[in-house]
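K.L.:
First, the structure itself, so that you have it in front of you.
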Amino acid sequence: MFGTSYWTERTLPSFMNPFSSARPDDDGFDDFSEFVPEHLPDPGPFLEAHDVLTDDEHVAFHELTRELFEERGVYDATFGYNLAKLNLDVRHTEAGFRYAVDADDSSVLRAEFTPTTEFCPQAEALVTGSFRAWNGLGDRHEYDLVRVRVHPSHHQADPLNESLERLEAEFRETGEIPDPDAGGDGKAEEQQRTSPF
């Protein structure tokens, strides 16, 4: 009556699936082996006065991050890729992760996440998933703890960071990543269970 249905004529390519990391090409992305500071967020207050990773040190930890995020499924649903790839996306030069070794304890790494917008609806799931990946697979890197915070540019940075502090405190006390099914971290844990991350 109205012509042939679009859905019977075509199938969507895998790169249009929001949860697929497949892409037709990598145009518009820096290489994982490159440190391009002008395409990264500036270190924020959580990293101030600490030893910010640059050059090969940043690249090495971020390449490991990609592996850990892939293993744990820490994906940005908006862009349909591993969250570590956000650092390389030249469309979002002020978004992604920066890292610093804690000035008072070299066994602690600080990671600060700057979302693409101040109202990023995924921020809670993304930072919670990141914390779980880095600390749940802690035998894969040299740090005893990776502390995670959201940059204050996000409109819910304060409550998100309080939630991350609670996760961190429990991890420090028990040596275990809190079980999301056991209550504990409330809303952040609930979102973690229902998100693809």
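In terms of full-length UniProt numbering, the sequence shown opens at residue 1 and continues consecutively.
Glycine included, C-beta positions come from ideal geometry on N, C-alpha and C.
1) Should Phe171 be listed as close to the ligand GDP, given that the test is whether its C-beta is under 8 Å from any heavy atom?
2) Relative to the C-alpha of Asp89, which candidate in Phe35, Ile177 and Asp105 has its C-alpha closest?
3) Decide yes or no for the touch test of the region 166-173 against the region 100-113: beta carbon pairs closer than 8 Å, at least 3 of them.
4) If we call anything under 9 Å between Cβ atoms a contact, is Leu109 one with His141?
5) Thinking C-beta only, is His154 closer than 9 Å to Thr114?
6) What residue range does the beta strand (DSSP E) around Gly136 cover?
7) Do Ser130 and Val74 have their beta-carbon atoms positioned less than 9 Å apart in this structure?
8) Mind checking Arg91: buried by the 16 CB within 10 Å criterion, or exposed?
9) What three-state label does DSSP hand Glu112 in the structure shown?
10) Whole angstroms is fine: what's the gap from Gln156's alpha carbon to Asp27's?
P.N.:
Put simply:
1) With respect to the ligand GDP, the structure shown offers nothing to examine, as it has no ligands at all.
2) Of the candidates Phe35, Ile177 and Asp105, the one whose C-alpha sits nearest the C-alpha of Asp89 is Phe35.
3) Touching, no, given that fewer than three Cβ pairs across the two stretches are closer than 8 Å.
4) Their beta carbons are under 9 Å apart, which means Leu109 touches His141 by this criterion.
5) Against a cut-off of 9 Å, the Cβ pair of His154 and Thr114 comes out as a contact.
6) Counting along the chain, Gly136 falls outside any beta strand (DSSP E), though it belongs to the alpha helix (DSSP H) covering Ala123 to Gly136.
7) Going by beta carbons, Val74 and Ser130 fall inside the 9 Å limit.
8) Around the beta carbon of Arg91, fewer than 16 other beta carbons sit within 10 angstroms, so the residue counts as exposed.
9) Three-state DSSP puts Glu112 in a strand.
10) Roughly 32 Å between the two C-alpha positions.
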